[in-house]
Amino acid sequence: MLQFFKRLFSQPATTAQADTTEPLSDADILRAYFSPPAEAIDALVDLVRLVAAPLEDTEATRLVARARSGEAPGDSIAGHLQYALYDPDEATSRTLSLFVDWKAHDEIEWQAAEILETLGIGASWKWTREPAQRCVAVGLLDFDGWLRPHGYQLLFLDTGCDDYFAFPIHAARLEAAQDCIHRARLPVEQADAFRVSQQVEP
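Residue numbering for the sequence shown follows full-length UniProt numbering, starting at 1 and increasing by one per position.
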């Protein structure tokens, strides 16, 4: 027994190795564990390319880059789409989305005008309803119906907030866009589903 304790206490103390691993930042954690999966981002990028078809290559490439990066680490897939198609700081009148607070139905006309300019549609959309009948959901659906003879329709993104976000897609690209939406698992509706979810009478 004495020999055992001699051997035990004669062993050199093991020196713990210093942990040189850099701790993860909050951004790293969000990016690693809360960002959309790569396949969802790829599908989103395909969708943005379809939506951005009316734009020049340089501008479309910029939107694709925004779709991939998102605004901040950990953004949802819906947040990536919104960030790609809506840039309030961009000094250009070319836009591909309507982003309207739920009370601001008076903003639909000027945002619609910018979209029509981007799409190369010379006509203009105006409210045809009396002021008492106006709300954002109704205005977006009216604009959607007006767009259809021009070859486009609106798709509606559920932002999870009390504002509205919609973007145009050409009829010839709608089926491909729907496939991208399904693969990306985006909360995006067409007009009929949006009408039901917003409880708007036909």
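Heads up, the beta-carbon is just placed ideally off N, CA and C, and yes, glycines get one too.
It should be emphasised that the depicted structure is a prediction, and the values quoted were computed from it without experimental measurement.
For Gln198, the CB contacts under 6 Å within the same chain, skipping 5 residues up- and downstream, are Ala137 in chain order. The beta carbons of Phe167 and Leu155 sit closer together than 7 Å.
Rounded to whole angstroms, the separation of the alpha carbons of Thr61 and Ala132 is 42 Å. Between the C-alpha atoms of Arg66 and Gly139 there is a straight-line separation of about 28 Å. Within the same chain, and ignoring the five residues on either side of Val48 in sequence, the residues whose Cβ sits closer than 6 Å to its Cβ are Leu63, Val64, Ala67 and Ala84. Assignment of beta-bridge partners to Val188 by DSSP yields Leu157. Distance from the CA of Ala172 to the CA of Asp46, rounded to the nearest whole angstrom, comes to 15 Å. Beta bridge pairing from DSSP links His170 with Tyr152.
At a Cβ-Cβ threshold of 7 Å, Ala184 and Ala40 count as neighbours. Residues Leu50, Val51, Tyr152, Gln153, Leu155 and Ala177 of the same chain have their beta carbon placed closer than 7 Å to that of Ile169, with the five preceding and five following residues left out of the count.
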